[in-house]
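According to our numbering, the residues represented by the sequence shown are 146 to 575, in order.
Each residue gets a CB set at the ideal place from its N, CA and C atoms; glycine is no exception.
In this text, all values refer to a predicted model and were calculated from it rather than measured experimentally.
Let me begin by presenting the structure, written as structure tokens, before commenting on it.
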Amino acid sequence: MLQTLKNAWVIKEIRNKILFTVMILLIFRIGSVIPVPFVDTEALIGAFDSTELTATQQVFSYLSILTGGSLEYGAILALSVTPYINSSIIVQLLTVVFKRLQEWSKEGEEGQKKLAQLTRWVTVALALIQGTAYFIYLENNKYLTDGGLAAPWFAGITIVLALTAGSALVMWLGERIDEKGVGNGISMILFAGILARGPQAFEALWYYVAELGKYVEVIAIVLIFLATIMFVVWMTHAERRIPVQYAKRVVGNKMYGGQNTHIPIKVNMSGVMPIIFASSILMLPTMIMAFTGESDSTFYKFLQLFSVQGAPYAIVYFLLIIGFAYFYSTIQFNPVEMANNLRKNGGAIPGIRPGKPTSDFIQKILSRITLLGALFLSVIAILPIIISGVGAINISVGGTSLLIMVGVALDTVRSLESQMMMRHYKGFLD
């Protein structure tokens with residue numbers, strides 16, 4: 146990886162792209178520490194530094210990991226890319242349901258522009274809703290100041306609009322990275338936010354060692370962390386290859402086909418999308434608690450069962466990830482279509498008859514691979530919860546964050562390698 150970065154830095158065009166990406170990420174980090182008006186940042190930071198967090202604070206603390214701590218500061222970019230990611234998920238699901246959106250997805254570049262515009266509008270709507278929920282949380286917990294002149298309704302409008310504008314700005318910054326930078330813009334912003342939590346994670350581990358004397362627990366966490374990174378890298382590259390053999394065809398004086406190849410199916414084909422789907426759903430109880438405020442009602446106590454560190458949360462989280470992994474695989478792969486394409490091109494799987502037997506065989510393999518990938522995602526996602534429960538140590542970097550960091554790093558390196566490879570080929574007129 147370091148050698149790839151060194152080689153890429155030598156090429157002026159790629160170096161400019163890297164510097165542009167770093168500049169955009171720097172702007173994002175600056176906006177992540179500038180607070181919105183009328184927020185008592187000292188009280189807010191002090192609440193998140195507490196050893197005992199409420200259910201609502203636990204979820205906001207989890208979201209703060211993905212935003213680089215900006216939620217804890219009440220920053221302008223506190224919502225970060227969360228509304229955009231949820232918007233992308235919603236639009237993707239709606240594309241499967243509504244025929245009009247399906248037609249847009251098949252219209253090429255023009256259709257993708259329409260879907261992108263729809264995603265932007267949904268992002269703004271979600272940012273308004275999430276910004277309102279965050280304001281109600283701040284108001285219920287007395288984290289607001291009147292500024293000496295503002296009415297409560299004016300402070301609310303100002304905070305919600307500032308957070309919504311910040312979310313739109315993050316979306317725009319991500320698109321600029323896509324256009325002029327390196328890698329996927331939204332993924333790079335996510336990566337930067339998670340990486341910014343690194344010093345806090347080291348500080349927490351040092352506290353457990355120096356103040357509490359938990360040497361064995363901290364060493365075990367570090368070893369598990371390193372082993373998990375190796376396992377994630379291995380699973381990210383793992384794939385099941387279905388052998389395919391093409392029949393020989395004679396067209397004119399030339400012979401085509403006759404070669405052996407394979408269909409690669411990645412074990413973790415859905416990436417972190419099932420985790421994002423599941424966590425988005427499990428945030429609903431906390432969002433409801435943020436709107437209603439604390440109470441002694443049975444309904445509120447039921448919602449508290451789904452706190453981030455609770456066993457019911459971990460169980461439901463585990464099952465939802467598996468369910469969404471199967472759902473996402475059905476969207477990505479169509480065994481019947483794959484079987485038809487093989488038959489049209491004169492290809493066949495050795496030992497399997499063309500047509501329905503081929504599609505059934507692909508579906509069987511796909512189900513097994515999806516189950517393996519889903520179990521992998523589920524274990525990685527709930528691992529921090531298990532560690533916190535067994536070792537009584539709260540770690541700042543969760544399984545989702547680890548998957549995102551490793552995935553973005555690998556994708557960025559592949560992007561740099563492909564750009565360098567393109568420049569090694571001489572042009573037609575050279």
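Where DSSP assigns a beta bridge to residue i, which residues make up the other side?
i: residue 307; result: Beta-bridge pairing links residue 307 to no other residue.
i: residue 184; result: 289
i: residue 220; result: 180
For residue i and residue j, which I take to be in contact (beta-carbon distance under 8 Å), what is that distance rounded to the nearest angstrom?
i: residue 339; j: residue 549; result: 6 Å
i: residue 184; j: residue 315; result: The Cβ separation is near 19 Å, so there is no contact.
i: residue 553; j: residue 224; result: The pair is not a contact, with the Cβ atoms about 20 Å apart (cut-off 8 Å).
i: residue 421; j: residue 302; result: The Cβ separation is near 30 Å, so there is no contact.
i: residue 515; j: residue 471; result: 6 Å
i: residue 463; j: residue 527; result: 6 Å
i: residue 256; j: residue 392; result: Residue 256 to residue 392, Cβ: 35 Å. No contact.
i: residue 300; j: residue 308; result: Not quite, the Cβ-Cβ distance comes to about 13 Å (not below 8 Å), so this is no contact.
i: residue 220; j: residue 276; result: Their Cβ separation, rounded to whole angstroms, is 12 Å, which puts residue 220 and residue 276 out of contact at 8 Å.
i: residue 587; j: residue 159; result: Given that the chain is displayed from residue 146 to residue 575, the structure contains no residue 587 and the question cannot be resolved.
Just the Cα atoms here: how many angstroms apart are residue i and residue j?
i: residue 215; j: residue 178; result: 6 Å
i: residue 310; j: residue 493; result: 53 Å
i: residue 556; j: residue 149; result: 12 Å
i: residue 262; j: residue 328; result: 21 Å
i: residue 260; j: residue 181; result: 31 Å
i: residue 559; j: residue 466; result: 27 Å
i: residue 347; j: residue 529; result: 16 Å
i: residue 270; j: residue 305; result: 11 Å
i: residue 170; j: residue 341; result: 11 Å
i: residue 572; j: residue 564; result: Low confidence applies to residue 572: its pLDDT is 48, below 50, so where it sits in the model is not reliable enough to give any reading.
i: residue 461; j: residue 531; result: 14 Å
i: residue 333; j: residue 417; result: 15 Å
i: residue 286; j: residue 447; result: 21 Å
i: residue 253; j: residue 247; result: 11 Å
i: residue 387; j: residue 317; result: 41 Å
i: residue 427; j: residue 547; result: 20 Å
i: residue 281; j: residue 384; result: 46 Å
i: residue 499; j: residue 507; result: 11 Å
i: residue 325; j: residue 360; result: 46 Å
i: residue 574; j: residue 344; result: Residue placement at residue 574 cannot be trusted, given a pLDDT of 44 that sits under 50; what the coordinates show is reported in the next sentence. Taking the straight line from one Cα to the other gives about 52 Å.
i: residue 577; j: residue 551; result: The structure shown does not extend to residue 577, since the chain is modelled only from 146 through 575, so no value can be given for it.
i: residue 497; j: residue 410; result: 18 Å
i: residue 486; j: residue 389; result: 12 Å
i: residue 157; j: residue 320; result: 22 Å
i: residue 488; j: residue 502; result: 12 Å
i: residue 374; j: residue 298; result: 47 Å
i: residue 239; j: residue 415; result: 18 Å
i: residue 480; j: residue 272; result: 37 Å
i: residue 349; j: residue 191; result: 15 Å
i: residue 250; j: residue 354; result: 53 Å
i: residue 419; j: residue 521; result: 11 Å
i: residue 174; j: residue 517; result: 37 Å
i: residue 478; j: residue 267; result: 26 Å
i: residue 405; j: residue 504; result: 19 Å
i: residue 510; j: residue 476; result: 16 Å
i: residue 163; j: residue 358; result: 42 Å
i: residue 381; j: residue 474; result: 16 Å
i: residue 243; j: residue 512; result: 26 Å
i: residue 241; j: residue 265; result: 19 Å
i: residue 425; j: residue 330; result: 21 Å
i: residue 371; j: residue 245; result: 46 Å
i: residue 222; j: residue 283; result: 16 Å
i: residue 456; j: residue 366; result: 20 Å
i: residue 278; j: residue 166; result: 31 Å
i: residue 152; j: residue 168; result: 20 Å
Examine the ligand ATP and report whether any of its heavy atoms sits within less than 8 Å of the Cβ of residue i.
i: residue 329; result: This structure lacks the ligand ATP; in fact it carries no ligand of any kind.
Which first and last residues belong to the beta strand (DSSP E) in which residue i is found?
i: residue 409; result: 405–411
Ends of the alpha helix (DSSP H) at residue i?
i: residue 176; result: 157–176
i: residue 225; result: Premise fails: residue 225 is in no alpha helix (DSSP H) and is neither H nor E.
i: residue 420; result: 418–427
i: residue 245; result: 244–250
i: residue 343; result: 343–355
i: residue 415; result: Premise fails: residue 415 is in no alpha helix (DSSP H) and is neither H nor E.
Report yes or no: is there a C-beta of chain D within less than 9 Å of the C-beta of residue i?
i: residue 456; result: Reference to chain D is not applicable here, since this structure consists of a single protein chain.
### Task
Could I get the ranges of all uninterrupted alpha helix (DSSP H) runs contained in the region 359–400, with 4 residues as the minimum, in chain order?
360–382
### Query
In chain order, which continuous runs of the alpha helix (DSSP H) of length 4 or greater are located wholly inside the region 254–329?
Within the region 254–329, the complete alpha helix (DSSP H) segments of 4 residues or longer fall at 254–285, 297–325, listed in chain order.
### Query
Quick one: complete alpha helix (DSSP H) runs, 4+ long, within the region 446–504?
Every unbroken stretch of the alpha helix (DSSP H) spanning 4 or more residues and falling wholly within the region 446–504 is given here in chain order: 456–477, 480–489.
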